[in-house]
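S.K.: The structure under discussion is supplied below as C-alpha cells; questions concerning it will follow.
In this note's numbering, the protein residues as written are 227 to 458.
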C-alpha cells in the first residue's frame, strides 16, 4: 500500500521536486498550494496515479490547515508523511527591518509550520506512525547580515522541530528538518545575478533528502537538523 504524503508549496520549485521524487518512489502525493492552475498541471504530470491536488489553502490559518488534513483523511483514510516547503524570504537592514517584516517572516516560516504540523500530528497519532519534515535554513544556525527576521523565524522552526520530536518519541511519529544552502532556482538567480551558482544546492538534491526522511528507511531518525548545502 502506497504511503500518503502531503507536500506543501507543491507548485513551487522545491515543492514540485519533492512531489516528483516521492511519486517516483511510489508514494501517493497530496500536493497542496495556494494556486490552482500550475498545481493541477503539476499533479497531472506526476508519475503514478491517484495523486490529489489541494489548492487555495492558506497555511497561516490554523483552521485551513485542519480542513486540508481532514480532506486528506476523507479521501485516503490516513496521512503517513508531510514535507512542508512553504516559507518566505526577505532581507533588510536594521533600519528597514521593522515589526512588519518580522511578523511576516514569522507568519510565513514559523506559524505555517506550527499550524500544519499540529493538524497533521493529530491525524497521525492514532496510527502510531508518521513522519514530518520541515525546511529550515543554514541561516538559522549562523545569521548573516540583513537577514535578522528570516534567520530568527527559521531558528524558530528548528527549535519547534526539536521540541516536537522529543515530545512525540513515545508515539512513533518522527519530526526532522532539512537545512538548505542557497537553492538554485530562477528566483535566486534573478536576485543574485553576479553570484557563482556552481555550488548552489539543487531542488532535486533537497527532494531526495526529504523523500528519504519520510520513508521507512529513516524510521530510526527523529529530531535531526540535516544540512543539505551543495558545494556552497
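Idealized CB from N, CA, C, for every residue including glycine.
(1) Does DSSP put residue 181 in a helix, a strand or coil?
(2) Taking 9 angstroms as the cut-off, decide whether the C-beta atoms of residue 400 and residue 394 are in contact.
(3) So, for residue 360: in the same chain, excluding its five sequence neighbours on each side, which residues have a beta-carbon less than 6 angstroms away from its beta-carbon?
(4) Mind checking whether residue 346 and residue 295 have CB atoms under 9 angstroms apart?
(5) I need the DSSP call for residue 419, collapsed to helix, strand or coil.
(6) Report yes if the CB atom of residue 417 is closer than 9 angstroms to the CB atom of residue 240, and no otherwise.
(7) Identify which residue in 300, 408, 308, 375 has its Cα closest to the Cα of residue 424.
(8) Straight-line CA distance for residue 374 to residue 293?
(9) Identify, in the order they occur along the chain, each residue of the same chain with its Cβ nearer than 8 angstroms to the Cβ of residue 412, setting aside the five sequence neighbours on each side.
(10) How is the alpha helix (DSSP H) around residue 429 delimited, first residue to last?
(11) By the DSSP assignment, the alpha helix (DSSP H) with residue 339 in it spans what residues?
(12) From residue 237 to residue 277, what does the alpha carbon distance come to, in whole angstroms?
(13) Expressed to the nearest angstrom, what Euclidean distance is found between the alpha-carbon atoms of residue 447 and residue 254?
(14) Using 9 angstroms as the threshold, is the C-beta distance between residue 335 and residue 380 below it?
(15) When DSSP labels each residue in this structure, what does residue 356 get in the three-state scheme?
(16) Could you spell out the range, first to last residue, of the beta strand (DSSP E) harbouring residue 403?
(17) Which residue from 287, 427, 260, 306 puts its Cα closest to that of residue 350?
(18) Identify whether residue 279 lies in helix, strand or coil by the three-state DSSP scheme.
(19) Within the same chain, show all residues whose beta-carbon is closer than 7 angstroms to that of residue 299, passing over the 5 residues directly before and after it, in chain order.
(20) Out of 245, 376, 427, which one is the CA nearest neighbour of residue 275?
(21) Taking all protein chains shown into account, decide if residue 242 is buried (16 or more other Cβ within 10 angstroms of its Cβ) or exposed.
(22) Which stretch, first to last residue, makes up the beta strand (DSSP E) that contains residue 312?
M.R.: The answer reads as follows:
(1) Coverage of the chain is limited to positions 227 through 458, which leaves residue 181 absent and any answer about it impossible.
(2) Yes; because the gap between Cβ atoms is below 9 angstroms, this pair is in contact.
(3) 310, 339, 383, 387, 403
(4) yes
(5) coil
(6) no
(7) 408
(8) 33 angstroms
(9) 239
(10) 429-439
(11) It spans 338-350 - the alpha helix (DSSP H) in which residue 339 sits, taken as one unbroken run.
(12) 14 angstroms
(13) 22 angstroms
(14) yes
(15) strand
(16) 399-406
(17) Residue 306 is the option with its Cα nearest to residue 350.
(18) Three-state result, residue 279: strand.
(19) 305, 349
(20) 245
(21) buried
(22) Looking at the DSSP string, residue 312 is not in any beta strand (DSSP E), and its letter there is neither H nor E.
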